[in-house]
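Following our numbering, the numbering of the sequence shown begins with 15 at its first residue and continues without gaps. Even glycine gets a Cβ: it sits at the ideal position worked out from N, Cα and C. Quick caveat, the model's predicted, so the values are computed rather than measured.
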Amino acid sequence: MSDLPHRPNDHLVEPMFAALGHRPDAEPAAPALTEPARASRGARVLFWFAVVLAAGATIWIVLAN
C-alpha cells in the first residue's frame with residue numbers, strides 16, 4: 015500500500031495486513047516449482063490431451079454416421 019495514494023482507512027487497514035504478516039515494502043516471492051507441481055502439471059497436460067482426443071473421436075464418429 016505504500017505506492018498507493020493515502021486513503022482515509024489506511025490507519026485501519028495497515029495494522030490488519032501487518033497482523034497477517036503482510037509487508038507492503040516486500041517484493042512478492044515467486045513460488046519455486048516443486049517436484050509435485052511438475053508432476054501435477056504433466057498430469058493436467060495429459061488429462062486435457064485425453065479430453066481433446068476423446069472429443070475429436072466423438073465428433074469424427076458422429077460425422078461418419
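- In this structure, DSSP gives L34 a state outside helix and strand, which the three-state scheme calls coil.
- Rounded to whole angstroms, A64 and N79 show a C-alpha spacing of 23 angstroms.
- Linking W74 to R58 through their CA atoms gives a straight-line distance of about 24 angstroms.
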